[in-house]
Amino acid sequence: MQNSGPMRNSIIVIFLLSGLTGAPASATAESWRSLAPAQQEALAPLSQQWDNLPEQQQHHLLKTAKRYPYLTPEQKQRFHDRLEPWNKLTPEQRKAAREKYRAFSMVPEDKREQVRQMVKEEQAKKAP
Amino acid sequence: MALAQGVIKLASPTELSQFLGAAERRAYKQALYAVRNEHTALDIVQDAMIKLAEKYGGKPAAELPLLFQRILQNTIRDYYRRQKVRNAWMTLFSSLAPKNESEEYDPLESLEDDENQTAPAAPDESLQQSQVIALIEQALGKLPARQREAFLLRYWEGLDTAETAVAMGCTEGSVKTHCSRAAHALAVSLKVKGVELP
Amino acid sequence: MSTNINPQDINPDRIAKLLTRATEQLDDDTVAALRQARNAALERQTINEPVFALGTGHRAHWLMPHSAHQWAATAILFVAILVGGVSYWHHAHENEMSHLDVAILTDDLPMEVFVD
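Next up, the structure:
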């Protein structure tokens, strides 16, 4: 069979195309038992609710879980502390929070530092 | 291969200058009613003028009014939205801020500056008319943005419904709705304040 | 053209006239600033529209697909780029989202700062 140049190129492109569209966001629900140990460790606080969570939310949580191993011990603690309240929010609340955080990270560094300072002081006042 | 430019009558610098000179005061006021800050309003007008000159400086003079209004409305909306984001942010910050120190946050100064709203009374003008104008401007400022846009474009800038729709980026039906609501709201507002239009 | 306004409610033309009156009363500083803005715009006025060479040029001839094969290849390539672009954007968007999530969950600042 004689393959002309452009035809062969088309075939290559078709392969490329399937490669790009391959592995879309996995929309299948995963049971807690089917998760890898590393994932279970990251998402431990949600072990009870996990199976009842919508697939999309599971997908997002698994993506965040990927970064868990790279966190400092302090960050890991906060991650675990906040997972449940975070999970209880509505999708709209989470979306709003992301936007606020994104806006916050675009504020100049000194203003951000000011806010952190203020919050620390407030928390110190509240703590015994 | 070159595009034949000779046949189209392009806006010369004089024509653009004349157009801007005629449009700038109303443009400034439109911006002012929306963002309530003189400095910001001036920025908006300059921004819009520059965009017009850069993007459409070569357009026929007859096309400039509508093009400019579309740019102006978009620019106002951009600044307005940014101001709202800032306001929301300031609310966030101020809820965290210690109650005694709120001067550090400069942007607070640009919010709700009502003192700048009233136009200075011209010496030869009856005080009454200046007061009426001030009340009208106040009422305008209180309108929802889209209603104010539609009203001013239709009745102040003299665009027809189709042109207003283009400038606002909505349908003609929406324009009519916004307009009638604006007119109604203004009528109510002015009646409440006891304003009789001379 | 009818505008659904009860004529007794309001006279838009009268209002417009009064608003115009207000523009005649602007203070000198504002007027000067507006003139400055106008000049800034005039300085940047570009008169020449970009010239689009539509089809008459011979130089671009070799880039255009000729045979059916080449058209097919071009079409597939175009779709591949489009899909690649969309799926790239989708992934980039998702990545950004999970970055933000992790940041909110681990930041110094308590979560309540970002949640109403």
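Chains as they are written, first to last, in this note's numbering: chain A, 261 to 388; chain B, 130 to 327; chain C, 921 to 1036. Here a beta-carbon is modelled for each residue, glycine too, at the ideal position from N, C-alpha and C. All values derive from a computational prediction rather than experimental measurement.
Check your understanding: If Ala995(C) sits next to Ala182(B), beta carbons under 8 Å apart, how far is it from one beta carbon to the other, in whole angstroms?
Key -> No, Ala995(C) and Ala182(B) are not in contact; Cβ-Cβ is about 41 Å, not under 8 Å.
Practice item. Taking 9 Å as the cut-off, decide whether the C-beta atoms of Ala314(B) and Gln267(B) are in contact. Key: no
Review point. Can you give the Cα-Cα distance for Gln147(B) and Arg155(B), rounded to whole angstroms?
Key: 14 Å
Review point. Can Leu343(A) and Leu322(A) be called in contact, C-beta distance under 9 Å?
Key: no
Exercise for review: Would you mind listing the alpha helix (DSSP H) stretches within the segment 149 to 202 of chain B that are 4+ residues and don't spill past its ends, in chain order?
Suggested key: 167 to 185
Point to revise | Nearest-angstrom beta carbon gap, Arg358(A) and Met1017(C) [assumed within contact, 8 Å] | key: 7 Å
Check your understanding: Under the rule that 16 or more other beta-carbon atoms within 10 Å means buried, what is Tyr157(B), buried or exposed?
Key -> buried
**Study point:** Min CB distance Gln965(C) to chain B below 9 Å
**Key:** yes
Check your understanding: Can you name, in chain order, every residue of its own chain whose Cβ lies under 8 Å from the Cβ of Pro252(B), other than the five neighbours on each side?
Key -> Unreliable placement is indicated for Pro252(B), whose pLDDT of 49 sits below 50; the coordinate value is still reported in the next sentence. Hits under 8 Å: none found.
Check your understanding: Using the rule of at least 16 other Cβ atoms within 10 Å of the residue's Cβ for burial, across every protein chain shown, is Arg199(B) buried or exposed?
Key -> buried
Practice item. Determine the chain C residues that contact Leu349(A) at a beta-carbon separation under 8 Å, and present them in chain order. Key: Val1035
Exercise for review: Using a Cβ-Cβ cut-off of 9 Å, state whether Asn959(C) counts as contacting chain A.
Suggested key: no
Review point. Cβ atoms of Val375(A) and Phe364(A): under 9 Å apart, would you say?
Key: yes
Exercise for review: May I ask which residues mark the beginning and end of the alpha helix (DSSP H) holding Pro345(A)?
Suggested key: 333 to 348
Review point. I think Tyr361(A) touches Ile1001(C), with their Cβ atoms under 8 Å apart; what is that distance to the nearest whole Å?
Key: No, Tyr361(A) and Ile1001(C) are not in contact; Cβ-Cβ is about 33 Å, not under 8 Å.
**Study point:** Beta-carbon separation (whole angstroms), Met297(B) vs Leu282(B), contact threshold 8 Å
**Key:** 7 Å
Review point. Got a sec, what are the start and stop residues for the alpha helix (DSSP H) Ser1018(C) sits in?
Key: 988 to 1026
Practice item. Taking the CB atoms as reference points, tell me whether Gln965(C) and Gly186(B) lie closer together than 9 Å. Key: yes
Point to revise | Nonlocal neighbours in the same chain, by C-beta distance under 7 Å from Ile967(C), ignoring five residues either side | key: none
Check your understanding: Just how far apart, CA to CA, sit Glu963(C) and Gln260(B)?
Key -> 39 Å
Review point. Thinking C-beta only, is Asn347(A) closer than 9 Å to Gln383(A)?
Key: no
Exercise for review: Return no unless some Cβ of chain C is closer than 9 Å to the Cβ of Lys360(A).
Suggested key: yes
Check your understanding: Beta carbon of Ile173(B), beta carbon of Ile205(B): below 9 Å?
Key -> yes
Check your understanding: Considering only C-alpha positions, which residue in the set Val164(B), Ala177(B), Gln257(B), Leu195(B) is nearest to Lys213(B)?
Key -> Val164(B)
Review point. From Trp991(C) to Val1006(C), what does the alpha carbon distance come to, in whole angstroms?
Key: 22 Å
Practice item. Scan the segment 311 to 334 of chain A for residues whose Cβ lies nearer than 7 Å to a Cβ of chain C and list them as they occur along the chain. Key: His320, Lys323, Thr324, Arg327, Leu331
Point to revise | Gln202(B) burial status per 10 Å Cβ neighbour count (16 or more: buried) | key: buried
Exercise for review: Measure the alpha-carbon distance for Leu171(B) versus Thr950(C) and round it to whole angstroms.
Suggested key: 8 Å
Review point. What's the C-alpha gap between Ser303(B) and Ala316(B)?
Key: 20 Å
Review point. Is DSSP giving Pro368(A) helix, strand or coil here?
Key: coil
Point to revise | Ala1023(C): contacting residues in chain A (beta-carbon distance under 7 Å) | key: Tyr361
**Study point:** Nearest-angstrom Cα separation, counted from Leu1020(C) out to Phe1034(C)
**Key:** 11 Å
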